[in-house]
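> Let me begin by handing over the structure; questions about it come next.
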Ligand code: SAM
């Protein structure tokens, strides 16, 4: 008996019309639909006249349930995976099932469709050619700090997901790390009646939400560090440090003395000999 296929089906992130004709057909044809929250998905499935057996597959049962689903796929069942909103696997359970299905040699195919990060990025007006998606920042404070630090020098556009009750804290931490002048676009209620995409700086965003209660789910699109910002930082740090301090900063970053002198010569646009002479003094 040949095995079935696992179909990753993107579903709307708000507007029920945002689902592909192919996804509707596959959901109608599948033997089984694995859904993050079966009750939540019933509304959408009923709207499209889809009546199929549903099985829950969520964060808290993903390992055991993935094994069961792989068993069913191996028996020849076709299974469609959906999540509460958007593309399964993207900040949603699904990864484990896809990994296990592929390891078992089961065909996996993904039906493209709505994804909040892409929707936000495309309407943000912020450079979209190169971007980094962090999903939700970790809750655990050390891990969270590490991720935020890793974004400090990021030059690509940064995209994050955030829930309303954590928005204020996240905006404040982003401002501390990236600076208050950084451009951002705060997107909420995407594809819904009250869709909003506010272009502002991180300073403005923090002030705004001091007054306003965050509502709905957010995608934060934040500009990466610009070349001008990098230059300005470099200039101000050169101006406030002696050559010895510069040298120490490079050595502290793990460069050898020779590498540090080379880097400094480039920074100051002077010859290495001039620098040696200066440091010897
Ligand atoms: N798999 C989904 C996708 O493809 O975008 C993401 C699921 S993740 C659990 C949920 C997060 O996505 C929300 O907290 C929010 O950050 C973002 N999101 C989902 N729908 C949204 C919408 N309509 N407007 C703004 N953000 C949304």
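In the numbering used here, the protein residues as written are -4 to 276. For each residue, glycine too, the CB sits at the ideal point set by N, CA and C. It should be emphasised that the depicted structure is a prediction, and the values quoted were computed from it without experimental measurement.
Work out the CA separation of residue 32 and residue 221 for me, nearest whole Å.
41 Å
> By the DSSP assignment, the beta strand (DSSP E) with residue 84 in it spans what residues?
Per DSSP, residue 84 belongs to no beta strand (DSSP E) and is neither H nor E.
> Can the beta-carbon of residue 116 be found closer than 8 Å to that of residue 8?
At a Cβ-Cβ threshold of 8 Å, residue 116 and residue 8 do not count as neighbours.
> Any chance the CB of residue 111 is under 7 Å from a heavy atom of ligand 1?
yes
> Have a look at residue 187 and residue 10 and give me their C-alpha separation to the nearest angstrom.
6 Å
> The alpha helix (DSSP H) that contains residue 200, what's its start and end?
197 to 206
> Keeping to the same chain, check which residues put their C-beta closer than 6 Å to that of residue 45; ignore five residues upstream and five downstream.
Taken in chain order, the residues that qualify are 22 and 23.
> Identify the continuous beta strand (DSSP E) that holds residue 213 and give its terminal residues.
213 to 217
> If I measure Cβ to Cβ from residue 54 and keep anything under 7 Å in the same chain, skipping five residues before and after, which residues do I get?
88
> Mind checking whether residue 181 and residue 200 have CB atoms under 8 Å apart?
Yes, Cβ-Cβ distance for residue 181 and residue 200 is below 8 Å.
> Is it buried or exposed, residue 236, if we count other Cβ atoms within 10 angstroms and call 16 or more buried?
exposed
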